[in-house]
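Structure first, commentary second.
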Amino acid sequence: MPRPGGMQVAQKSKDFKGSIKRLIKNLKPWRKLLVLSLVLAMVSAILSLVSPNYISDLTDIITEGIKPNITETTFTDIMKDPSIPLEDKQELQNMLSSLEEDATQNEMLELMDELPSSIYNKIEPQMNMTRIKNIGIFLGILYLLSVIFSYVQQFAMTTISNSFAKSLRTKISKKINLLPLSYFDHNEMGDILSRITNDVDTIAQNLNQSLATLVSSLTLFLGSILMMFITNWIMAITAIISSLLGFIFMSIILNKSQKYFIRRQEELGNLNGYIEEVYSGHNVVKAYNGEKQAYEEFDVLNKKLFDCNRKSQFLSGLMQPFMSFVGNLGYVAVCVVGALLTMNNVISFGVIVAFMIYVRLFTNPLTQIAQATTSLQTIAAASERVFEFLDEKEMPTEEEQTKHLDPTKVKGSIEFKNVKFGYDKKRIIINDFSAKANPGEKIAIVGPTGAGKTTMVNLLMKFYDINSGDILIDGVSTKKLTRQNVHDLFVMVLQDTWLFEGTVRDNLKFNKKNVTDEQIWEACRVVGVDHFIKTLPGGLDAVIGENDGISQGQKQLLTIARGMIEDSPFLILDEATSNVDTRTEELVQKAMDKLTEGRTSFIIAHRLSTIKNADMILVMKDGNIIEQGNHDTLMAKKGFYADLYNSQFKKDI
Amino acid sequence: MFKLFKNFNKKDIMAIIMCLVLIVFQVWLDLRIPEYMSSITRLVQTEGSSMNDILLQGFYMLSCAAASLFSAAIVGYLASGISANFSMNIRSKIFNKVGNFGMQEIKSFSTSSLITRTTNDVTQVEMLISMGLQMLIKAPIMAVWAILKILNKSWQWSILTGIFVIILLVVISTIMLIVIPRFEIVQKLIDKINSVTRENLTGIRVIRAFNAEGYQSERFEEVNNNLTKTQLFNQRCFALLNPVMMFIMHGLNLGIYLIGAILIEKAMMMDKITLFSDMVVFSSYGMQVILSFLMLAMIFMMWPRAEVSAKRINEVLEAEVSIKDGKYTGKNKKEVGTVEFKNVSFKYPDADDYLLKNISFKVNKGETIAFIGSTGSGKSTLINLVPRFYDVTDGEVLVDGVNVKDYQSEALHNIIGYVPQKAFMFTGTVTSNVKYGSNGKEITLDKVKEAIEVAQATDFVSKMDGTYDAHIARGGTNVSGGQKQRLSIARAIARDPEIYIFDDSFSALDYKTDSVLRKELKKYTKNATNLIVAQRIGTIMNADKIVVLDKGECVGMGTHKELLNSCDVYKEIALSQLSKEELENA
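Going down the list, the sequences are from chains A and B. Here the first sequence is numbered in this note's numbering, starting from 907 and rising by one per residue. Here the second sequence is numbered in this note's numbering, starting from -3 and rising by one per residue.
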């Protein structure tokens, strides 16, 4: 089916050959289907190449049935035939003699139709109806086979492209789990998302169309050239030259229009971006009287879009009429040259009919080949992005990590020994940090926004590896523990209240197996969120999703309950409660306090009560731990901490 | 849809009529072509016809084809002009209309919906118009004309063509009926796969901390499976279309020839040649009929989508703008720098509950008034009434002693420096962002620098590439939340307003920057009136007047000290943030 718009802008790939090669290598599991599909594409192309010859035969047989038998021999045959009455023979002779020299064929035929049936039967042209029937049946079967083959071929191709897309999505999703966190800190989420949906989709869709089309079009193209030359070389050259003339002209237009299409895409993007900006900043635009400025800028962008919109639409609209003109041109050329040859008895009329179809068979694949190559380029560009992601460096494997700590038996001491760390190997931000926390102690981490408090989380959870030094849990180096084992030892409750779309129960249980409803309710009771869950329609079976009306505070409580259920000896907690009303905040804080009971806790502290009661305070600034000690010693030091603490309560507003 | 078409002006309509005429001409030409084909065929077959005759007919046929191409080009030119112009005008109309919207209308449509209405929906309608002008007009004319041409040739052929058209339509509509509802499902599954991946990315730390990678992978695979299955089904259905169409075209051709053979066999000799050329002609007209119906089917596939888009566009264009400009230009002021609320109540027009109930206060030049309360207490709503983002339901808001409803909005906004809750950056430079908008005065570069200095932003701006001319990316993604907030404050300062409105504008700043900024601001804006909404007690405890809001009602008004003694809600908020001794120390 012709696509509206009719054109696609090819995306540029960095290494076309390499990407396509790799793509084909990745298609290996579907090798058999792929071969089947491509062979079928070729077969059905060959079938449609064969059919014009039979149509040509058909026409010839019909043509034979038009011309009356009025040669010298039939005339003498009739005259000699004793079964024909004499008066009938007389009539024929009268008729022939009455014919004037310049009588038209029609006049002659009209007279013949009036001849007596005995003679009429003799000179009536005979059509070979059995052959017609046979060719008809044969062609019918041929077309039917062609339909079946091409459907099976497309069926196979859709299967390949969709399963391939599925496998790519799975690979990307698995890859996400294997990448170090640093990758996500440096790359935008939108980018990864667009690879998993847009790029994979683009590959699937274009793969579906391009490979088989390319094969069948090439077969058709080469085959029709071959068939044309076999049938008649003069006609072949005529057909090819006349269509190519048209195509050269068309490719000139195409080349010109390509740039308008690219520009149109860009302008559309610019305008959409601007609209988005002005609409989302509506209150600022209004409050600052920016409307006029906005209209003016919009107008400029809108006019620019109009300009290339109009040009690109015009040019793409031209394609279809141009194609049919090229078709007609080919037709006339074939007819004229064909007529010349027929009159000189070089070819039969059927050859002309066959060539009419060849011209069409020959011109169609040219456009299709052009489209398929565009598709292939798009595939190459999209798969480059996907492969690039799949090639990202993964976290090191953990075969050497042989020790294992059982979360139920861990006592809960943790020690930092001369830890050195930097996100960038050249820029060490934590220099020689040492500290020790005994089981059940509370360590508060404080500092201004952006001071790198999450760095501590990253190190504790082994999200990042330290450059040198060691972190020991119950005296065992975390370097000797698998990441999974370390994660098992920690409960982590962060500020962003991450919950997934699913039931409350699934969210609370999360990865932990064999959790009974009683245990869930128990945890919820401790956290104080049990009443809230009971008010939800379906209780534990209520679905959390977008627009679920669950407030930020309730979500925070749910994440705390989730941590409670996980029940590990260490705790990492971010106290920040944003956008929570006072009453819920109180609830959340109570729940947090419950969570810290009996656990060695690292708390990103926002409350003074936590800070003051902490066994140790780590003060962070610009990614580094600049001071450590408890509240009193740090205040006495009159350093950064004291400054920070006091600044909130200065009297001068 | 037709309502939108009213936006065509006279010139467009002239162009559309031109298109119509040209298309009729084009169809006439297109249908002439097979006639020339048939006479060429006849000439080739009749013995003794001269080469010149054939060439002449060939020349006629090519002229027709060329003329048809030419007229198609003109139609294409006109149609692209009409549709591009149409979309430009509609887009501009929507944009202007949205510009006049108050927050009320923005909220009821939602920003993202307004964006798709201005961009995507307009493109949908534009596509229908540009395709429609060419196909929708051409297809029926072509179909009817071609049918008329072949109707009197032979009923056997006509019936055959009719049968094939019906088969075509049945196949297309069956496939569409099955597949189109599934397209929506596919869209939903794509959204779902996006949202699961988004979950996996946003929650990557949590997932790893809980060792739940496998769990999440299972969830992903489930959606992945569903998506693949539905896609496969859809595409397998669609894959039928092409082979069936090919079969119909070839089959019709073959059928016409076979029927033709029988007819010729039975005919009188005189009619045989005519029948033969009729047959050749019919096979090409029959193809035209099929193609026309194919085009019509395509238009009907596009129509419903465009119709939905047109409806969405009309909703915007027809929306009533609730806030109407007054006449007061800000001259001959009675008072300067005052804001007064007189028994103000507010609710959204379609809501039952009041968001603000009976609020009254007055703040004078140079004073600072602060608003505090839990989320949903109505602080932001209250402060948004001053620049008249919303209109009050009852009572009056007076600025400089004049009701805000009487102001020309430009005059009102000229005296206000509004800093929104969510700092907003425009694509451009630091300077263009700070001097954004207009207030009747030229904002000099010195002023910009000064504003940036006061807003405590000089530090990071001077470190940026290009300092004051440093590029700000779309959505301000290249500056942090706190930096955005400071620039957004600088923008207000650069205007030198009489009245500042800070809608929780210090939240992304750390305590220290917050306090330094406020100190500097206080010095700089000695004569200006400040309205501050805040969550942190520390930010507002030194205000001249604090208004405590709870569920839309004013439950306390006074200074920090007064409120600590008199207002329970205030005390509760304060206690949750500061310890007792700290409160007393303050």
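All residues carry an ideal CB built from backbone N, CA and C; glycine is no exception. The structure presented is a predicted model; accordingly, all values stated were derived computationally and were not measured.
Nonlocal neighbours in the same chain, by C-beta distance under 7 Å from residue i, ignoring five residues either side
i, result
"Arg308(B)", "Arg113, Asp117"
"Leu856(A)", "Missing from the structure shown is residue 856(A); chain A here goes from 907 to 1559 and no further."
"Leu1622(A)", "A query on residue 1622(A) cannot be resolved here, the shown segment of chain A reaching from 907 to 1559 and no further."
"Val1259(A)", "Ile961, Ser962, Thr965"
"Ser503(B)", "Gln531"
"Ser126(B)", "Ala75, Ser76, Ser79"
Neighbour list for residue i in chain B, Cβ cutoff strictly below 7 Å
i, result
"Trp1404(A)", "Thr198, Gly199, Val202"
"Asn1270(A)", "Here the premise fails: no neighbours, minimum Cβ distance about 11 Å."
Interface residues of chain B facing residue i [CB-CB closer than 8 Å]
i, result
"Val1240(A)", "Residues of chain B passing the Cβ test: none, with the nearest at roughly 10 Å."
"Gln1390(A)", "Asn207"
"Asp1394(A)", "Asn207"
"Ser1123(A)", "Result: empty, since nearest Cβ-Cβ is about 13 Å, beyond 8 Å."
Under 9 Å by beta carbon: chain A residues contacting residue i
i, result
"Pro416(B)", "Gly1187, Asn1189, Val1190, Ala1193"
"His467(B)", "Ordered by position in chain A, no residue passes the 9 Å Cβ test against His467(B), which lies about 15 Å from the chain."
"Ala240(B)", "It is worth fixing the name first, because residue 240(B) is Val in this sequence and not Ala. Result: Val1053, Tyr1057."
"Met57(B)", "Asn1234, Tyr1237, Val1238, Cys1241"
Reference residue i; option with closest CA among the options
i, options, result
"Gly1256(A)", "Thr969(A), Phe1055(A), Val956(A)", "Thr969(A)"
"Tyr1551(A)", "Phe55(B), Gly534(B), Ala469(B)", "Gly534(B)"
"Lys188(B)", "Thr1103(A), Gly1096(A), Glu1094(A), Ile1098(A)", "Thr1103(A)"
"Leu545(B)", "Lys7(B), Lys353(B), Pro136(B), Thr334(B)", "Lys353(B)"
"Ile1275(A)", "Leu1117(A), Asp1412(A), Glu1304(A), Ala1343(A)", "Leu1117(A)"
"Ile295(B)", "Ala208(B), Thr157(B), Ile168(B)", "Ile168(B)"
"Leu942(A)", "Tyr1057(A), Gly1046(A), Phe1155(A)", "Tyr1057(A)"
"Val551(B)", "Lys557(B), Leu408(B), Arg487(B), Asp564(B)", "Asp564(B)"
"Ala1110(A)", "Gln1425(A), Met1229(A), Phe1070(A)", "Phe1070(A)"
"Lys1217(A)", "Pro1227(A), Leu1246(A), Val1243(A), Arg1169(A)", "Arg1169(A)"
"Ile319(B)", "Ser405(B), Val202(B), Val450(B), Thr226(B)", "Ser405(B)"
"Met1561(A)", "Val40(B), Tyr496(B), Lys358(B), Met264(B)", "Only positions 907 to 1559 of chain A appear in the structure, and residue 1561(A) is not among them; the question remains open."
"Asp1394(A)", "Met1001(A), Leu1477(A), Ile926(A), Ala1287(A)", "Leu1477(A)"
"Asn523(B)", "Asn190(B), Val332(B), Thr325(B)", "Val332(B)"
"Ile1253(A)", "Tyr1547(A), Phe1396(A), Lys927(A), Ala1142(A)", "Ala1142(A)"
"His1188(A)", "Asp461(B), Phe91(B), Leu236(B)", "Phe91(B)"
Other residues of its chain near residue i: CB distance less than 6 Å, five sequence neighbours each side excluded
i, result
"Met553(B)", "Val543"
"Gly424(B)", "Ile468"
"Gly1375(A)", "Lys1323, Asn1324, Val1325, Lys1326"
Contact list for residue i against chain B, beta-carbon separation under 9 Å
i, result
"Gln1115(A)", "Within 9 Å Cβ-Cβ: nothing; Gln1115(A) doesn't reach chain B, min ~10 Å."
"Met1001(A)", "Simply none; closest approach about 13 Å."
"Gln1060(A)", "Gln231, Arg232, Phe234, Ala235, Leu236, Asn238, Pro239"
"Ser1069(A)", "Thr224, Leu228"
"Phe1044(A)", "Within 9 Å Cβ-Cβ: nothing; Phe1044(A) doesn't reach chain B, min ~10 Å."
Any non-hydrogen atom of the ligand FAD closer than 7 Å to residue i Cβ
i, result
"Pro988(A)", "In terms of ligand content, the structure shown is empty, and the ligand FAD therefore cannot be addressed."
Contacts of residue i in chain A (Cβ-Cβ under 7 Å)
i, result
"Arg87(B)", "Asn1208"
8 Å CB neighbourhood of residue i in its chain, flanking five on each side removed
i, result
"Asn89(B)", "Sequence check: residue 89(B) is Lys here, not Asn. Asn3, Leu313."
Could you tell me which whole beta strand (DSSP E) segments of length 3 or greater appear in the stretch 983 to 1060 of chain A? none
What residues in the stretch 1176 to 1198 of chain A bring their beta carbon closer than 9 Å to a beta carbon of chain B? Taking a C-beta cut-off of 9 Å against chain B, the contacting residues of the stretch 1176 to 1198 of chain A are Leu1177, Asn1178, Gly1179, Tyr1180, Ile1181, Glu1182, Glu1183, Val1184, Tyr1185, Ser1186, Gly1187, His1188, Asn1189, Val1190, Val1191, Lys1192, Ala1193, Tyr1194, Asn1195, Gly1196, Glu1197, Lys1198, listed in chain order.
Which residues, in order along the stretch 1126 to 1157 of chain A, keep a beta-carbon less than 7 Å from a beta-carbon of chain B? none
Can you pull out the residues from the stretch 379 to 408 of chain B whose beta carbon lies closer than 7 Å to at least one beta carbon of chain A? Pro383, Phe385, Glu406
Counting only runs of 3+ residues fully inside the stretch 1095 to 1140 of chain A, write out the beta strand (DSSP E) ranges in chain order. none
Taking a cut of 9 Å between CB atoms, which residues from the stretch 1245 to 1260 of chain A lie near chain B? For the stretch 1245 to 1260 of chain A, which is checked against every Cβ of chain B, the residues closer than 9 Å are Ala1245, Leu1246, Thr1248, Met1249, Phe1255, Ile1258, Val1259.
Can you give, in chain order, each stretch of the alpha helix (DSSP H) that sits fully within the stretch 476 to 548 of chain B and has at least 4 residues? 477 to 490, 507 to 520, 533 to 536
Looking at chain B, which residues of the stretch 1200 to 1212 of chain A have a Cβ within less than 8 Å of any of its Cβ atoms? Ala1200, Tyr1201, Phe1204, Asp1205, Asn1208, Lys1209, Leu1211, Phe1212
Counting only Cβ-Cβ distances shorter than 8 Å, please list the residues of the stretch 96 to 109 of chain B near chain A, keeping chain order. Phe97, Met99, Ile102, Thr107
If we require 4 or more residues per run, which alpha helix (DSSP H) segments fall completely within the stretch 1437 to 1508 of chain A? Runs found: 1458 to 1472, 1488 to 1502.
Minimum length 4: unbroken alpha helix (DSSP H) runs contained in the stretch 217 to 241 of chain B: none
Unbroken alpha helix (DSSP H) runs of length 4 or more, entirely within the stretch 1164 to 1242 of chain A: which are they? 1188 to 1193
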